[in-house]
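J.: To start, I am sharing the structure in question, which I have written as structure tokens.
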Amino acid sequence: MNTIAVIGAGTMGNGIAHVFAQNAYQVHLIDVSQDALDKGLSTVAKNLDRMVAKEKITTADKENTLANIKSFTELKVGVANADLVIEAATENVTIKLKIFKELDDVCDANTILASNTSSISITQIAASTSRPEKVIGMHFMNPVPIMSLVEIIRGYSTSNETTDVIMDLSEKLGKTPTEVNDYPGFVANRILMPMINEAIETLHHGVAGVEEIDTVMKLGMAHPMGPLQLADFIGLDVCLSILNVMHDGFKNPKYAPSPLLINMVMAGKKGVKSGEGFYDYSASKKAENISSQFSK
């Protein structure tokens, strides 16, 4: 493995590009939007500056990392000669299937195709290609440069060889890869999203307020952040999308998203990314002020 192509310059994509580039891989960061690429590269630079300030890396390390990343707006050009392509586009099955079909057409036959999806079936994605044995899930956690876990998802046809290569590669990044099988939500979100959904339902039914719910889970269960704060951080639209995938996949009403979550997403209250969710982020990116909708 030498050249890694990453599709999508958003939060996850630029984080994945950062980690590979910092570990001396040549990274091709691809997005249809030049503005998104510029913003993604700026984010990488800012995160590296923080690491320099904390003396975790040197200025030379930062410069080398940035030099390892090239940006592309054309998919075919960006994936040329890539040993691995990691898709980190929007969590939408139609978009992902379209991307993988195109990747199958333009990538070398030996190229491994991975998805950073947090819930969509790897088996379904792989079936859109002629190389299902070389398709795998690499679910990085946010923020990618900090979080150590990579959930490695085997599709129905993913080969042992592909799995071994990706497990080994993840370890070389300093991550802890954990192999799971392909079911809706995998492990991380199958457990996390029902908890977040139940926290939203608890708020919706007036059992307790936003701060109280988060405080109980932080102090009582030793969670680093409460479920409502975490939902804001992930993005309420992303939480809704994942719950819908799980609800459709399992046909079990326990995965049905809370009506409050649905309404908040429809109203554009998506959490940190929109400036408001359960908390108001207009003055600070930290969860310090409860949204006026939920304040007493």
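Start counting the sequence shown at 967; every next residue gets the next number (the working numbering). In this text, a Cβ means the ideal position worked out from N, Cα and C, and glycines have one as well. Model, not experiment: these values are computed from the prediction.
#1: Classify Met1232 as buried or exposed, calling it buried when 16 or more other Cβ atoms lie within 10 Å of its own Cβ.
#2: Using only CA atoms, which one of Met1187, Leu1209, Ala1188 lies nearest to Ala1197?
#3: DSSP three-state call for Glu1221: helix, strand or coil?
#4: Mapping the DSSP letters down to three states, classify Asp1070 as helix, strand or coil.
#5: Ends of the alpha helix (DSSP H) at Asn1163?
#6: Which value, in whole angstroms, describes the spacing of the CA atoms of Lys1012 and Val1110?
#7: Express the C-alpha separation of Val1176 and Lys1184 in angstroms, rounding to a whole number.
#8: Contact check, Ile1091 vs Lys1062 under 8 Å by CB: the rounded distance?
#9: Among Glu1029, Ile1256, Lys1235, Val1153, whose alpha-carbon lies nearest the alpha-carbon of Leu1115?
#10: Check whether the stretch 1076-1085 touches the stretch 1039-1052, taking contact to mean three or more Cβ pairs, one atom from each stretch, closer than 8 Å.
#11: I'd like the span of the beta strand (DSSP E) that includes Glu1117, first residue to last.
#12: Measure the C-alpha to C-alpha separation of Thr1083 and Val1204 and round it to an integer number of angstroms.
#13: Would you report the Cα separation of Gly981 and Phe1066, rounded to the nearest angstrom?
#14: Over what stretch of residues does the beta strand (DSSP E) that includes Gln1259 continue unbroken?
#15: Ile1035 and Ala975: beta carbons closer than 7 Å?
#16: May I ask which residues mark the beginning and end of the alpha helix (DSSP H) holding Thr1077?
#17: Cα-Cα, which of Ile1118, Val972, Asn1229 is closest to Leu1041?
#18: If you draw a straight line from the alpha carbon of Asp1001 to that of Gln1195, how long is it in whole angstroms?
#19: By DSSP, does Met1191 sit in helix, in strand, or in coil?
#20: Given a cut-off of 7 Å on the beta-carbon distance, is the pair Ile1088 and Val1059 in contact?
#21: Ser1037 lies in the alpha helix (DSSP H); which residues open and close that run?
#22: Ignore the nearest five residues each way along the sequence and tell me which others in Leu1032's own chain have a CB closer than 8 Å to its CB.
#23: How big is the Cα-Cα spacing for Lys1220 and Leu1135?
#24: Per DSSP, what kind of secondary structure is Ser1081 in: helix, strand or coil?
#25: Once the 5 residues before and after Ile1256 are set aside, which same chain residues still bring their CB inside 8 Å of it?
T.: Inspection of the coordinates gives the following:
#1: Around the C-beta of Met1232, fewer than 16 other C-beta atoms lie within 10 Å, and the residue is accordingly described as exposed.
#2: Residue Leu1209 is the option with its Cα nearest to Ala1197.
#3: According to the sequence as given, residue 1221 is Tyr; it is not Glu. Under the three-state reduction of DSSP output, Tyr1221 falls in the helix class.
#4: Correct three-state label for Asp1070: helix.
#5: Per DSSP, Asn1163 belongs to the alpha helix (DSSP H) from 1154-1170.
#6: Separation of Lys1012 and Val1110 (C-alpha to C-alpha, rounded to the nearest whole angstrom) is 14 Å.
#7: Looking at the two C-alpha atoms, the distance is approximately 12 Å.
#8: Between Lys1062 and Ile1091 the Cβ distance is about 6 Å, and since that is below 8 Å, they are a contact.
#9: Among Glu1029, Ile1256, Lys1235, Val1153, the Cα nearest to that of Leu1115 is on Val1153.
#10: With the cut-off at 8 Å, the stretch 1076-1085 and the stretch 1039-1052 touch.
#11: Per DSSP, Glu1117 belongs to the beta strand (DSSP E) from 1115-1120.
#12: Thr1083 and Val1204: Cα-Cα distance of roughly 11 Å.
#13: So the alpha carbons of these two residues sit roughly 21 Å apart.
#14: That residue, Gln1259, is in no beta strand (DSSP E); it is neither H nor E in DSSP.
#15: No; because the gap between Cβ atoms is not below 7 Å, this pair is not in contact.
#16: Here Thr1077 belongs to no alpha helix (DSSP H), and DSSP marks it neither H nor E.
#17: The residue among Ile1118, Val972, Asn1229 with its C-alpha nearest the C-alpha of Leu1041 is Val972.
#18: Those two C-alpha atoms are separated by around 28 Å.
#19: Three-state result, Met1191: coil.
#20: Contact flag unset, no.
#21: Per DSSP, Ser1037 belongs to no alpha helix (DSSP H); it is in the beta strand (DSSP E), 1035-1038.
#22: Scanning its chain for C-beta atoms nearer than 8 Å, with the 5 sequence neighbours on each side dropped, one finds around Leu1032 the residues Ala987, Leu1007, Val1010, Ala1011, Leu1014, in chain order.
#23: C-alpha of Lys1220 to C-alpha of Leu1135: approximately 36 Å in a straight line.
#24: Ser1081: strand per DSSP, three-state reduction.
#25: Cβ neighbours of Ile1256 within its own chain (closer than 8 Å, five residues either side excluded): Gly1175, Val1176, Glu1177, Phe1244, Tyr1245, Asp1246.
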